[in-house]
Every structure is written in C-alpha cells, then in structure tokens.
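Residue numbers (my numbering): 3 to 390.
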C-alpha cells in the first residue's frame, strides 16, 4: 500500500549530486587522492520507522540514496480519520548535498464520486461512515495533470499513462475484483493505471512525477430509478523528483534505483493489512481496539536487528509492494543487478564496473580500477566486493 519507498548515474553525472569530497582516512591508510563524486560514490540504505503504531519503533521500509543526501521521513497515524487510506500517512523528503535534486514521496489519498445526485449529496455532507475527498474520477495521468501538479505549484509539460505497466495494473485490478467477489461483493469492479509526468517549476527547475491510481467502482440501484455508480479513486503512489533543468537523464537513473531498491518490512505490512481489514468490517468506534491488536504484532517480531526482511524481499520477489515498485524500476531501465558474498541481490544504478557492500546497508560504486574502499575509507567494518 505504501510505496515508498535511489542513487546515481555515471561518474561525470554524479558530481552534481554529491559535492562533498570525502576526507582521507585518519589512519593514514590512504595511498591515492580519490575524490568522492568523481572516483566513487557512497550509497546508503535509509529507513522509514513507524514510531506510533507499536510499543516501540518498528521499521516500515528502506531505500537507497547517496549517503550525502539529507533525508527526512515520517509516518503518522490518524486513526480517527473518516478516509481509510489517510489513517496511516507516510512521506519522504530527500535533498542532494548541492540542492540540485529533491525527491518527495507524498502520502496516499483517495477521492470519491457518484453519478447519482442523491448519493453524491450524501458524500458531500459527510453522512457516510467512511468518506474521503469529493472529486470526479481520474486515472493516474489525469491526477498528475489536475491535482498533483496544482498541489505542488508546477506546470505540466506532459503526462501519460505508462502502457508498459498497464498489464501489471490490470492484474492487480482483477485480483481485487476477485477478492471482493469471494467476499460476496459482486457489485465491485476495479480499474488501475500508472502514469508519469514531466513538470516545470517557476524557479526554472524541472520534475518527474510518478503516480498510480486504483478505481473501485460500485454498481447499485440508483435513487432515480436507474443504475448508479459510486467510484472511489485510491492514489496509492505519488512521487516527484525535482531537478536542475537539463538533468532529466540523471533524474531517471535516480528514480530507477529508488523504485528498484525500495523494500517493505513484511511483518509491519501484515499488521497494517489486518488493521485495514478490521476497519473495513467494524464500526469506527472500535478503531482503538484494532490499534491495540496491531501493537501485539511487535511481540512476534522481537528485535529483528539483522533486518533479514530486506534480504527476503530482494530474493523472493513475492512481496506485493516490492513488485509494484520493481515494475517502475524496470520501466525506467537504469539499474544493474549486483550480488554480495552472501548471495543477497540488489539493483544499483547502471554504468559502473565495480561495487562493494557493507553490513549496514551501504554501497559503493566506482569505475576507477585503482579504487579500493578498504584502503581509501578504512573503518572498523570492511567492504565486500560484489559481483554482477
């Protein structure tokens, strides 16, 4: 549900992303004058935590960015919201060291509509137990044009549905329809879309926008003697990368690795699915009880300090949220596959001949054959060479 959830390109391009030169090793092991951003790039796996839903902070997701980027993430519980998708709101803001790139992942949202005037009036008056914003239905491209760009004060140069991902969206829609039918809801059908947009900002910068929308269409007898359709448009992903004019190629590499490297903690994800299932079948007054049930999952999780869920996500490929972001990564085609000494796989930005990993989720990429991070950077934990 939450696709949060990014790295760099060729060495010449990376200068614009990372202007902070690395210092020489204080242990005097440095034998050459290697410069970060020119001879190598350090990548870091950042993590989003849920600090409210459990009795202690619980990791939600992780993603890779250049280590010099300033990253702020937040997850907010709003259990009293009448709009179910807005009960849990996750967001990420990440800015490159030189300020030329800014990545924003916006919270999920939903907007509802009805072609029956009486039903629509009830929605607008807030009479429904669960209701969201009221607006006419849009697909993902229409949402970028008519809502997302306006919200961030940008002009839309182009916005289009991504045909290469439509099969994946159709499969997700069909699965949701089948689940509804299995639950006895034969009036439900679904339509999904994924889109990208090219934006222009007033300060001269450009932007790439990515969005997914799943429409739930409920067919029922209308109040005017006809058939009515109530439509709920769930915006499951809203991601925008703002960048200096002329850097679109580099921006696409960043986004490709962002989508490919995002991982969702399945323990947290399972608890959240249970929470939303209970919300959908119980009254609003029981939300506090449901929240306590979610907290109980923490006891099953334990400390989980080795974060093996990240490796499982990367190797099994059976996590639904990972699959969706992987689709965007494959569409943008800016990553190469690398494997560490333990067999864990990760997709990092294409165009590099050497890669190393460290146990804390950090990576280094380089095209310089003389570069050795264990010599240049030192430290107490060694870097392990990866294979393509």
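For glycine and all other residues, C-beta sits at the position ideal for the given N, C-alpha and C.
- In this structure, DSSP gives residue 130 a state outside helix and strand, which the three-state scheme calls coil.
- If one requires a minimum length of 4 residues, the alpha helix (DSSP H) runs lying completely within the stretch 229-271 are 250-263, in chain order.
- Exposed is the label assigned to residue 389, since fewer than 16 other Cβ atoms lie within 10 Å of its Cβ.
- Counting along the chain, the unbroken alpha helix (DSSP H) around residue 173 starts and ends at 168-184.
- Contact between the stretch 229-243 and the stretch 102-111 is present: three or more C-beta pairs spanning the two stretches fall below 8 angstroms.
- Using a Cβ distance threshold of 7 angstroms, residue 363 and residue 127 do not count as a contacting pair.
- Per DSSP, residue 354 lies in no alpha helix (DSSP H) and is assigned neither H nor E.
- A direct Cα-to-Cα measurement between residue 51 and residue 131 gives close to 30 angstroms.
- Collapsing the DSSP output to three states places residue 205 in coil.
- Annotation: the stretch 96-148 contains the following complete segments of the beta strand (DSSP E) (minimum length 3 residues), in chain order: 103-108, 111-116.
- A contact is defined here as three or more CB-CB pairs under 8 angstroms, and the stretch 333-348 fails this definition with respect to the stretch 265-272.
- In this structure, the alpha-carbon of residue 377 lies about 39 angstroms from that of residue 207.
- Shortest Cα-Cα distance from residue 277 to any of 173, 58, 79, 61 involves 79.
- According to the DSSP assignment, residue 68 belongs to no alpha helix (DSSP H) but to the beta strand (DSSP E) extending over 60-68.
- In this structure residue 161 is in contact with residue 197, their Cβ atoms being roughly 6 angstroms apart against a cut-off of 8 angstroms.
- DSSP places residue 51 in the uninterrupted beta strand (DSSP E) bounded by 43-52.
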